[in-house]
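The structure appears below as C-alpha cells.
Number of protein chains: 2
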Amino acid sequence: MSARARILDAIRAGEPVSRVELARRTGLTEAAVSTTVRKLLDEGLVLETGRSPSGGKPRTLLRLDPAARVAVGIHHDGDRIIYVLTGQTGGVLARLATPAVSPSYAAGPLADGVERLLSVAGVDRDRCLGVGVATADGPPPDEIAGFPVLSQDQATAAAVGAYWVERVEPERPFAALYLGTAFGAGVVLDGRARPAGFGHVCVLVDGPECWCGGRGCLEAVAGPRTVITSGGPAGFDAVARQARSAPGPCREALEASAGYVAAAAETVVNLFGVNLLVLTGPGFAAASFVYGPAIARRIRAADARTWKRSVTVTVSPAATIAAATGAAALILQSHLTR
Amino acid sequence: MSARARILDAIRAGEPVSRVELARRTGLTEAAVSTTVRKLLDEGLVLETGRSPSGGKPRTLLRLDPAARVAVGIHHDGDRIIYVLTGQTGGVLARLATPAVSPSYAAGPLADGVERLLSVAGVDRDRCLGVGVATADGPPPDEIAGFPVLSQDQATAAAVGAYWVERVEPERPFAALYLGTAFGAGVVLDGRARPAGFGHVCVLVDGPECWCGGRGCLEAVAGPRTVITSGGPAGFDAVARQARSAPGPCREALEASAGYVAAAAETVVNLFGVNLLVLTGPGFAAASFVYGPAIARRIRAADARTWKRSVTVTVSPAATIAAATGAAALILQSHLTR
DNA sequence: CGATGATTCTTAAGCCAGTGAAGTAACCTC
DNA sequence: GAGGTTACTTCACTGGCTTAAGAATCATCG
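If you read the sequences in order, they're chains A and B. The first sequence: position 100 = 100 (the UniProt record's numbering), numbered continuously. The second sequence: position 99 = 99 (the UniProt record's numbering), numbered continuously.
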C-alpha cells in the first residue's frame, strides 16, 4: 500500500486529523506525510479545516473534501432500482429510485438513471469517479453512462459502505451482516473486503432442505421466506410492522428467526475474530428491533465469557440503502488504493 | 510486501522456477527479478539447479537452498514436548521428543532441548534463524537458548506449516483444521495466517453446554472427549486404533463426531471461501480414515451443487508433528516477510 | 558450420518515494 | 519579547524499481 493510500485511508478513518497524527498512525515519517499531504491538497482531495492547540504550534487539522469527488452506487433490490450519489467521505448527496427493469442490469436504463441523478444533484460529470453496482444476480455491464463500473455482491458492497460510513479503522476486523431478500455477509480484514457465505451457514445439522441443496442452512431455517408465515401479511416489511405494533405470531416468527441468526452471527464472530458487527440491509432495517437485541445479547454473552475483546454490535443508520451506498464506496475504495 | 519477499514466496510455492516465471508470477519486471535473485544467490538462500529448454536460451531454474537456514519448532502436546528442526523449505531435518515439563514453557528445559536438537543434527548455531513455539496454553518465553522466539496457537501454526509443506500458492485461500486435545483451525488469506475459533462453532443450537459456557459447540458435541466413550478404551488414539481394526462402538463414536465436524468444516469453507482444506494434528492423523472421507464427502457435495470452485480436502502427510513444523515455519515466514 | 531467430537474463541510466537531519513557523508562558 | 515547545517544511540522499538496450545461450536451417 502506497503512502498516499495509507494517508488517505487514515484520514478517512480518523478525520479530522493532523499531520503528526497521520505520521504516527501510518508509520511514515513526518516528512513523507508533509509532502504527500501537500499533493493531496493541491489535487483538492483534502482540506485544511481548523487547528487544535498542542502546547507548541497548533496542529492543522485535515479532512477529506466531501465534494471533491463523487461516486454513484446502484442497487437493484427486487422491486426497484436505487441510485445513490455519495461524496468522497461516503455521505449521501442525492438519491433516486426507479421501478425495476428486466434484465436487471440493462445498460440503457441504468445510464438514464445515472444521468438523472447527476443532473438532479447538479454535479459535473468530471467529478464523478465511476459507478458501483451491488449485485444480487448477474454481472453488470462494464460501462454505464460512460463511467467505469465496479461491482460486488450486495452484502460485500454493504460491508465496504459501512467501512466508510462508520469510519472503521483499517486494522479493525469487522463484519457486516446483510438482510435483503436473503441473508449475506461481507467481512473486511486488513482493509480488504471479502464475501462470506452467511446465508448457508448450517444451523441445524438435519434441518429442512435449502434451495441450495444443503440441509439446515440459515436461509432455509430462518430466512425471510420462513418468516412470512403462510397466514400472515404479505411481505417481510408487513410482518415487521405488525410485529412492532403488537405481540403475536409475526413477532414470534421474527424472534424464532433471530435466535438462529444470532447463533450464526456468533459463528461468524468466532471464526473471523472480528470485534465489530454491523447489521444492515432493508431486512434488518425493518426488523432491527428484534434482530438487534437478539444478536447483541448472544454476542455480548459469548464475549463476556470467552472472547473478551469487547465486540460491538450496531445497526447501520442508513440500512435500507446500504447496498447502494456501499456500491459507491467500492469506487471510492478503489481510487484510494491506487 | 517487498520485491525480495514476493520473490522468495514465489520460489517457495513454485520451485523449481525460472526468473521469467518469477517475473510473471510476482508482477515485477525481469530486471528487478534478476537483481534481487542475484542478491539471494550471493546470500546463499537460493540455488541455481538445472535448466529447462524454452525455444531460445534455456531457463535456469531456481530453488531455495534447503540447508541454507534452519529453524526450530516446539510443540508441547500434553504428554510430551516435540522439537523439530526444519530447513528453509519446511522439510524436517531432525526431531526429538522429551517428556512434558511443568510449567509448560519453562525456558531452561526448552533451551536444553533446542541445544540437543541442534547438536544431534550437527547444525551450526549461526544458521538457525530462531525458535517457533506452537502454544496451547500460556505464552512462551521471549528467548530460548539465545534465539528469538515467535509463537502462535497450535492450529494457526499448523496452518502456516501446511502452507509451506504443501507449497500453497500465496493467492490461494486455504484453511487447516487441527485436532489435538481439542479442535482448532487456522486460515491463510493473502499469505496471512489467522486463527479461527473452530472448536466453538455452534453445531447444535440447543446442544449440551460446553466448558466455554456456550451451547452446542463442536467441541462439546463432537470433541475428542465425547469420542472417548465411557466404556471404551482409554485415550483417543486407542479408540481410533480399535475403530480401525473392526466396526463397533468406537467406530460409531468416531463416525458420529465426523458428521458434526464435516458440517462445521462446510461452514468454514463457506464463510472463508477457501478452496483447500488440510486436516492435520495428531487427532486427525490417528482417525483420518473416518474424518477424511466424511469431511471430503460433505464438502464435495456442497461444492458440486453450490460453490463450484473445486475445493480440495487433504490429510497432512506429517499430521502428528504438524504443530511443531508449523511453529518452525513461523520463523521462516517472518524471515521471508522482512 | 555459421547466420538467424528466439528467448532468457543482465546491465546501465534514470526516476520517484521515502528517510534523516536540519531549518522554519506558530503558539504558549513568563 | 525572549525562550520553550511542538508542528510542519525543505533538501540532499538513498535504494528499489522501471525502461531500454545489450549480452548470453540455445535451436534451426540453409
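Just so you know, even glycine gets a beta-carbon here, dropped at the ideal spot from N, CA and C. Since this is a predicted model, take the numbers as computed values, not measurements.
C-alpha gap between residue i and residue j, whole angstroms
i, j, result
"Arg-192(A)", "Gly-248(A)", "42 Å"
"Glu-252(A)", "Arg-24(B)", "58 Å"
"Val-261(A)", "Ala-294(A)", "9 Å"
"Ser-310(B)", "Gly-273(B)", "11 Å"
"Ile-74(A)", "Ala-285(A)", "18 Å"
"Gly-55(A)", "Leu-47(A)", "23 Å"
"Ala-134(A)", "Cys-128(A)", "18 Å"
"Arg-214(A)", "His-200(A)", "The sequence shown places Gly at residue 214(A), rather than the Arg named in the question. Spanning the two alpha carbons is a distance of roughly 8 Å."
"Leu-8(A)", "Ala-32(A)", "13 Å"
"Ala-175(A)", "Val-123(B)", "47 Å"
"Ile-11(A)", "Gly-27(A)", "14 Å"
"Ser-233(B)", "Ala-222(B)", "A small fix is needed here, since residue 233(B) is Pro in this sequence, not Ser. Roughly 17 Å between the two C-alpha positions."
"Thr-280(A)", "Val-70(A)", "23 Å"
"Gln-88(B)", "Val-72(B)", "11 Å"
"Pro-99(A)", "Leu-110(A)", "11 Å"
"Leu-2(B)", "Asp-190(A)", "The question names Leu, but residue 2(B) in the sequence shown is Ser. Near 17 Å, if we compare the C-alpha coordinates of Asp-190(A) and Ser-2(B)."
Contacting residues, own chain, Cβ-Cβ under 8 Å from residue i (five flanking each side not counted)
i, result
"Pro-58(B)", "Arg-51 and Ser-52"
"Glu-255(A)", "Val-290 and Ala-294"
"Thr-226(A)", "Ala-220, Ala-253 and Ser-257"
"Gly-138(A)", "Pro-103, Ser-104 and Tyr-105"
"Gly-216(A)", "Cys-202, Val-203, Leu-204, Val-205, Asp-206, Gly-207, Pro-208 and Cys-210"
"Thr-60(B)", "Ser-18, Arg-19, Glu-48, Gly-50 and Arg-51"
Nearest-angstrom beta carbon gap, residue j and residue i [assumed within contact, 8 Å]
i, j, result
"Thr-36(B)", "Arg-80(B)", "Contact doesn't hold; Cβ gap of about 42 Å is too wide."
"Val-205(A)", "Leu-218(A)", "Not really, about 13 Å apart at Cβ, beyond 8 Å."
"Phe-86(A)", "Thr-325(A)", "Reading off the sequence shown, one finds Thr at residue 86(A), where the question assumed Phe. About 6 Å separates the two Cβ atoms, so the contact holds."
"Thr-156(A)", "Gly-186(A)", "4 Å"
"Val-160(B)", "Ile-144(B)", "Between Ile-144(B) and Val-160(B) the Cβ distance is about 19 Å, and since that is not below 8 Å, they are no contact."
"Glu-30(B)", "Val-20(B)", "6 Å"
"Thr-306(A)", "Cys-212(B)", "5 Å"
"Ala-318(B)", "Asp-77(B)", "Going by Cβ atoms, the distance from Ala-318(B) to Asp-77(B) rounds to 14 Å, so no, they are not a contact pair."
"Val-278(A)", "Ser-316(A)", "5 Å"
"Leu-271(B)", "Leu-271(A)", "6 Å"
Sequence-distant residues of its chain with Cβ nearer than 6 Å to residue i (five each side left out)
i, result
"Thr-312(A)", "Leu-276"
"Gly-163(A)", "Looking at the sequence itself, residue 163(A) is Tyr, so the reference to Gly does not match. The answer, listed in chain order, is Val-188."
"Pro-282(B)", "Gly-180 and Thr-320"
"Gly-90(A)", "Trp-164, Val-165 and Ala-329"
"Tyr-83(B)", "Ile-74, Leu-96, Gly-113 and Leu-117"
"His-335(A)", "Leu-129"
"Ala-136(B)", "Gln-154"
"Val-101(A)", "Pro-109"
Where residue i falls: helix, strand or coil (DSSP)
i, result
"Tyr-250(B)", "Sequence inspection shows Cys at residue 250(B); the Tyr mentioned does not correspond to that position. The answer is helix: DSSP assigns Cys-250(B) an H, G or I state."
"Leu-204(B)", "strand"
"Ser-257(A)", "helix"
"Tyr-105(A)", "coil"
"Arg-127(B)", "helix"
"Val-278(B)", "strand"
"Leu-28(A)", "coil"
"Gln-88(B)", "coil"
"Gly-184(B)", "strand"
"Val-168(B)", "coil"
"Asp-153(B)", "strand"
"Leu-45(A)", "coil"
"Thr-35(A)", "helix"
"Glu-15(B)", "coil"
"Leu-311(A)", "The question names Leu, but residue 311(A) in the sequence shown is Val. Of the three classes helix, strand and coil, the one that applies to Val-311(A) here is coil, per DSSP."
"Ala-240(B)", "helix"
"Thr-135(B)", "strand"
"Ile-299(A)", "helix"
"Arg-69(B)", "coil"
Close-in-space but distant-in-sequence residues of the same chain around residue i (CB under 7 Å, 5 per side omitted)
i, result
"Gly-44(B)", "Asp-65 and Ala-68"
"Ala-302(A)", "Glu-266"
"Pro-141(A)", "Tyr-105, Ala-107 and Val-149"
"Arg-244(A)", "Phe-289"
"Gly-184(A)", "Asp-153, Gln-154, Ala-155, Tyr-178, Phe-198 and Gly-199"
Distance cut-off 7 Å: residue i Cβ against heavy atoms of the ligand NAP
i, result
"Ile-228(A)", "With respect to small molecules bound, the structure shown includes none, and the ligand NAP cannot be examined in it."
- Message: Using a Cβ distance threshold of 8 Å, determine whether the segment 325 to 335 of chain A contacts the segment 141 to 156 of chain A, with at least three qualifying pairs required.
- Response: yes
- Message: I want to know whether the segment 164 to 171 of chain A touches the segment 179 to 186 of chain A - three or more CB-CB distances under 8 Å.
- Response: The segment 164 to 171 of chain A vs the segment 179 to 186 of chain A: no contact.
- Query: Should the segment 85 to 103 of chain B be called in touch with the segment 114 to 122 of chain B, which here means at least 3 C-beta pairs below 8 Å?
  - Reply: Short answer: they touch.
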